[in-house]
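Trainee: So that we are looking at the same thing, I have put the structure below in structure tokens.
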Amino acid sequence: MRSRKASSGKWTRTSKLAPIPQALQTTTNTSVSGGTINGHPKQGSEESETNLAQRFANGESDAFEELVRRHRSKLHRFLTAYLRNASDAEDLVQDTFTRAYRALDRYDPSQSFTTWLFVIGRRLAANEKRRRARMRESHEELPEEQLEHDPATRLDAGSLWDAAKAILSETAYAALWLHYGEEQSVKDIARILGKSVTGVKVTLFRARRTLAGKLDPNLLAESAAR
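Quick note, the sequence shown lines up with residues 1 to 226 if you use my numbering.
As structure tokens, then:
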């Protein structure tokens, strides 16, 4: 065991982790009933993420299972946006949570668990992209003649994300999704994507400019009004 300083400034003892929870390996949508488990509040009273993260840092597996339940869907959406493949993303969701569980000693509970988890997921996804023989990562916009026939330019406001996926590069789409879809700060996006804060700001600016130039202005206005 070793001690760790929590966000409150107090030192807490990090216990040795038990084996990876079976629920992580067999359940895709972990559900927890209300009340308490082992004296800790659960879904009914919605234990704060800060408290869950602190308990996770102390090696409590039930806290980790609740963090999995809360983050699985958003992690899958992010990895799908980054990889452009939902099936590959699902595999990496499992790998990301497994890696996070085993990297307990490197987690600082004073930091955002979501950001830390997404950093792990992004690094695994980047490795997967490099491993693929068909890897491609283009930051160029699609040719005008292709966009003229691309159905993405004719989608309604409810499918704006589909249009963005068809038009933007993988990195630009991921940054846009994290900022507007997951409401992550520019600073956290920089950590997740391994870019500078300025780099993220430039990416977001260029992504918005690209969308504004390729999509119907009325579509963008309708989406912004929602």
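For glycine and all other residues, C-beta sits at the position ideal for the given N, C-alpha and C. This one's a predicted model, so the numbers in the text were calculated from it and none came from an experiment.
Is it buried or exposed for F78, if we count other Cβ within 10 angstroms and need 16 for buried?
Mentor: In the sequence shown, counting from the first residue as 1, residue 78 sits at position 78. Classification of F78: buried, given that the 10 Å Cβ count is 16 or more.
Trainee: Given this structure, state the Cα-to-Cα distance separating R123 from A212, to the nearest angstrom.
Mentor: As a first step, residue 123 is located in the sequence shown; it is residue number 123 there, counting from the start. As a first step, residue 212 is located in the sequence shown; it is residue number 212 there, counting from the start. Taking the straight line from one Cα to the other gives about 30 Å.
Trainee: Buried or exposed for F118, going by 16 or more other Cβ atoms inside 10 Å?
Mentor: For this step, residue 118 is matched to residue 118 along the sequence shown. Classification for F118: buried.
Trainee: Residues in the same chain with beta-carbon distance under 7 Å from L204, minus the five sequence neighbours each way, listed in chain order, please.
Mentor: The count along the sequence shown starts at 1 and reaches residue 204 at position 204. So the qualifying residues of the chain are A175, L176 and H179.
Trainee: For A63, which of E90, H76, A100 and L92 has the nearest alpha-carbon?
Mentor: If you number the sequence shown from 1, residue 63 lands on position 63. Ranking the options by Cα distance to A63, first place goes to A100.
Trainee: Relative to the alpha-carbon of K129, which residue among V93, K165 and D88 has its alpha-carbon at the smallest distance?
Mentor: Counted from its first residue, the sequence shown places residue 129 at position 129. Per the Cα distances, D88.
Trainee: Whole angstroms are fine: how far does the CA of R55 sit from the CA of E182?
Mentor: As a first step, residue 182 must be located in the sequence shown, where it is residue number 182. As a first step, residue 55 must be located in the sequence shown, where it is residue number 55. Their backbone Cα atoms lie some 24 Å apart in a straight line.
Trainee: Closest to D162 by CA distance: which of E60, L67, G59 and A81 is it?
Mentor: The residue given as residue 162 occupies position 162 in the sequence shown. Residue A81 is the option with its Cα nearest to D162.
Trainee: If you follow the alpha helix (DSSP H) that A103 is part of, which residue opens it and which one closes it?
Mentor: Position 103 of the sequence shown holds residue 103. Careful: A103 lies outside any alpha helix (DSSP H) and carries neither H nor E.
Trainee: DSSP on S169, reduced to helix/strand/coil?
Mentor: Against the sequence shown, residue 169 aligns to sequence position 169. In the structure shown, S169 sits in coil (DSSP, three-state: anything other than H, G, I, E or B).
Trainee: Let me know if D188 comes out buried or exposed under the rule of 16 or more other beta-carbons within 10 Å of its beta-carbon.
Mentor: Looking up residue 188 in the sequence shown gives position 188. It counts as buried.
Trainee: Can you give the Cα-Cα distance for T27 and G121, rounded to whole angstroms?
Mentor: Position 27 of the sequence shown holds residue 27. Position 121 of the sequence shown holds residue 121. Note that T27 has pLDDT 41, beneath the 50 cutoff, so the model's placement of it is unreliable and no number is given.
Trainee: What is the DSSP secondary structure of R69, reduced to helix, strand or coil?
Mentor: Residue numbering aside, residue 69 sits at position 69 when the sequence shown is read from its first letter. It is helical.
Trainee: With 16 as the cutoff for other CB atoms within 10 Å, does E46 come out buried or exposed?
Mentor: For the purposes of this step, residue 46 is taken as the residue at position 46 of the sequence shown. Answer is exposed; the Cβ neighbour count stays below 16.
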